[in-house]
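Heads up: the sequence lines are chains A and B, in that order.
Going letter by letter, the first sequence gives residues 1 to 352 in the working numbering.
Going letter by letter, the second sequence gives residues 1001 to 1352 in the working numbering.
What follows is a set of notes on a single structure, which appears directly below.
There are 2 protein chains.
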Amino acid sequence: MEKRATIKDVAEAAGVGVATVSRVLSGGSASAGARERVLAAAAQLDYRPSALGRNLRQRRTGGMGLLVPDLTDTFYGQLAEGVLACARSAGEPVVLGSTGGDPEQEADLIGMLLEQSVDRLIAVPSGDAETWIPAIRAGMTVIFADRLPSQASADGTGQSAVGDLMALDGLPPAPPARPLDVPAVVADDRAGIRTAVRYLRGLGHKRIAFLGGPGHEGRAHAFRVAVGAPVDEELIVFGTGSRDSAYAAASGLYQSRPDLSAVVAGGNVLGEAAVLAARELDLRVPKDVSLVMYDDVPWAELCSPPLTVIAQPGRDMGYRAAELVLRAGTRRARSVVLPTELIIRGSCGPRR
Amino acid sequence: MEKRATIKDVAEAAGVGVATVSRVLSGGSASAGARERVLAAAAQLDYRPSALGRNLRQRRTGGMGLLVPDLTDTFYGQLAEGVLACARSAGEPVVLGSTGGDPEQEADLIGMLLEQSVDRLIAVPSGDAETWIPAIRAGMTVIFADRLPSQASADGTGQSAVGDLMALDGLPPAPPARPLDVPAVVADDRAGIRTAVRYLRGLGHKRIAFLGGPGHEGRAHAFRVAVGAPVDEELIVFGTGSRDSAYAAASGLYQSRPDLSAVVAGGNVLGEAAVLAARELDLRVPKDVSLVMYDDVPWAELCSPPLTVIAQPGRDMGYRAAELVLRAGTRRARSVVLPTELIIRGSCGPRR
DNA sequence: CTTCTCCATGGAAACGATTCCATCATGGTT
DNA sequence: AACCATGATGGAATCGTTTCCATGGAGAAG
């Protein structure tokens, strides 16, 4: 438990001033002799600059914050791994928070990060645009990942918040109430859902349901677009985030609409619930009901039948977001849309 | 992007000195009048003390570090959620690192945390005892979770490092080379494995294999103890951590020893590999081979047949570890052993 | 009335780095 | 030889907080 050497100790040992030590260590100009002596002294004393002093002086903490809804969800685990990989190679620390999908906890965690002067943040947002205004106004560089905050707008469609992403499909962009100017790294949900729906249609399915969770408004919207008018709103149901609630939603869906023949699950937790509920109700997959699930998690292959999924690159998503948030400041970050891929396994069959 | 109010601003607005503000806000003594004015001014200015200044002054960063091998592994996701839940309720930040099971990366991350002056750390260790000496010597409060570092001792048995835990089963404790005095929160692997082996024996199985990954030396040891002499060392195989390597290990095991009739997988990634490899080789579970897997992950139930598992409370483990690391300093932390539970589903049957 | 104690109070030091700025040496140019 | 430009150098200021310490005032005890 010996105390660490400070820059002052190094300066003394090298016979130079602290300013010179700082310059040598952070790449400023110094004479060859001084540089050599400083380096030797630093090595000798096993000196490591304290992030504390530096942070205070620059009034900012290095590294980045990361806010996800739930680490138990394999997809967010993948995303976090991507962020951590990028951060590690940059030598930057990552402060992690799990929001449980609760806007209130999210707001608390943002407050905590502000207190720590963490000024870069990657978030899978749970709260609406309002929640994010304090962070933006405090000067944080925010990058959204996986999804955008739902707009707390009057029309109540749960439209996404970033204008330029809405225009992707030639759709009339939502009237921008006051879009957050926050770059995002997301999967191409529109294409992913469209491909899945077309695939199911090709198998003869007419009544296709969408089973979503919190934050899946964008995917639900993409689903509406993909099935086209008239949309049967009863076939679009939402759980609240917990596995129980997802199960209840799935079970309720099967029972209230026995005429449905296919389900698109908006996330792997929902997919899990859809399988479980089907089994409980003696619905066979894919004979009685076909299933496509968002997220290609390792266990999708273990199911029987193995699940057909819409794969999105969780790890890449995290990595790219981390790159963006680290580069920001240098260059104005631009949003990124990552491709999805329909991986056909065994959970979809022709309409019964 | 307005700059935040500092304690000086509050002092000025309240007409008191900075010392008084600090005392009021951190629970020191102050007159009612002063307290009231300070509180009012702080609220008025939306003052939040900067963690930067405080950290520098106390020469330590609040919160804690958390090091896990891989967030993609659901079990570590659960553990992390537990840590985060505890940290959140204490208002403390968590700095996360993912080691990939690599001692070198682990050492790097420890260095990074030291640089940040994070002096409390919860870790699922990958490196051996040597790796941890620098952290301990720097005065970090370390709590191990899920496992203990393998002892880099001469006897090469991969014995665990904490003496008092080794004595649980009345076994001659390994000659303590120089045990780390680090408290740990672990599952009762010995009992868990013993129960699983007895269960399999009860079903008539004679040749039971153990499939482990990095860090599962303790479980392998418990397995040796449970099966009793003579131990068929060929039936104990290890993967190196990646899913591919786990798969290769499982596949190799099945092929080299077609006489085995049951497998105990030391973790959920290994279990996944065991299922996949069995399917590939046309071994039916549980008809041809019975399987017990460590970790009760949500998808264990989705498999067909649903997997019989040794459940260990990942979330609790994380929560308890976080409690311990936060309380340390107040009280010398004591190790905790959490119970495991054999959950019988459908992946074990009578010996063919 | 004096003296002693106790508490509230605010100024200032400390924490460990970065960075501004004044100083000094060096070498080249006129 | 005088002058200037350039670059290295170290002292000191700075960041925002906590905490030490000296001061002063009020109340109690003599």
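Virtual Cβ for every residue (Gly too), placed ideally from N, Cα, C.
- If you look at A1209(B), you'll find it in the beta strand (DSSP E) that goes 1208-1212.
- Taking every protein chain shown into account, the CB of A274(A) has 16 or more other CB atoms within 10 angstroms, so this residue is buried.
- DSSP links G1097(B) through a beta bridge to L1067(B).
- For R1060(B), there is no enclosing alpha helix (DSSP H), as DSSP gives it neither H nor E.
- Following the DSSP letters along the chain, one finds I1310(B) in no alpha helix (DSSP H) but inside the beta strand (DSSP E) bounded by residues 1308-1311.
- Across the set P1069(B), G1082(B), A1085(B), the C-alpha of P1069(B) shows the shortest separation from the C-alpha of Q78(A).
- Taking C-beta atoms under 8 Å as the contact rule, V1142(B) and L1121(B) qualify, at a distance of about 5 Å.
- In the displayed model, T74(A) falls within a helix according to three-state DSSP.
- In this structure G241(A) is buried. Its beta-carbon is surrounded by 16 or more other beta-carbon atoms within 10 angstroms.
- As far as DSSP is concerned, M317(A) takes part in no beta bridge.
- Under the Cβ criterion (8 Å, minimum of three pairs), the segment 300-308 of chain A does not count as touching the segment 60-69 of chain A.
- At a beta-carbon threshold of 7 Å, the residues of chain A lying near M1112(B) are G91, P93, ordered along the chain.
- One thing to note: V1264(B) has its Cβ within 8 Å of the Cβ of V1292(B).
- DSSP, read as helix, strand or coil, puts L324(A) in helix.
- Counting along the chain, no beta strand (DSSP E) covers E1104(B); the unbroken alpha helix (DSSP H) around it starts and ends at 1103-1115.
- Bridge pairing for S290(A): A262(A) [DSSP].
- Within chain B, the residues W1299, L1302, C1303, S1304 have their CB atoms less than 8 Å from the CB of C303(A), given in chain order.
- Contact holds between the segment 78-88 of chain A and the segment 314-326 of chain A, because three or more Cβ pairs, one in each stretch, are under 8 Å apart.
- From the beta-carbon of V1275(B), the residues of chain A found nearer than 8 Å are L302.
- Under the three-state reduction of DSSP, L121(A) is assigned to strand.
- For R48(A), the neighbours in chain B by C-beta distance under 8 Å run, in chain order, G1111, L1114, E1115.
- Among the CB atoms of chain A, none fall inside 8 Å of the CB of S1150(B).
- E1092(B) sits in coil when the DSSP states are folded into three classes, being neither helix nor strand.
- Around the CB of R37(A), 16 or more other CB atoms lie within 10 Å, so the residue is classed as buried.
- When C-beta atoms of the segment 1043-1062 of chain B are compared with those of the segment 1007-1025 of chain B, three or more pairs fall below 8 Å, so the two segments count as touching.
- For E1301(B), no alpha helix (DSSP H) encloses it, and the DSSP letter there is neither H nor E.
- For A1051(B), the chain A residues whose C-beta falls within less than 7 Å of its own C-beta are E115, Q116, S117, listed in chain order.
- Close to R243(A), with beta-carbon spacing below 8 Å, are these residues of chain B in chain order: P1298.
- For T141(A), the three-state secondary structure derived from DSSP is strand.
- Only residues of its own chain outside the window of five on either side were considered, and among them Y1254, V1285, V1289 have a CB closer than 7 Å to the CB of A1278(B), listed in chain order.
- For G202(A), the closest of L39(A), S50(A), C348(A), R331(A) by C-alpha to C-alpha distance is C348(A).
- In the structure shown, S150(A) adopts extended strand secondary structure according to DSSP, grouped into three states.
- Chain-order list of chain A residues neighbouring A1080(B): L71, by C-beta distance under 7 Å.
- Per DSSP, the continuous alpha helix (DSSP H) segment holding A1273(B) begins and ends at 1268-1280.
- When DSSP states are grouped into helix, strand and coil, I193(A) belongs to the helix group.
- T340(A) and E1233(B) have their C-alpha atoms some 45 Å from each other.
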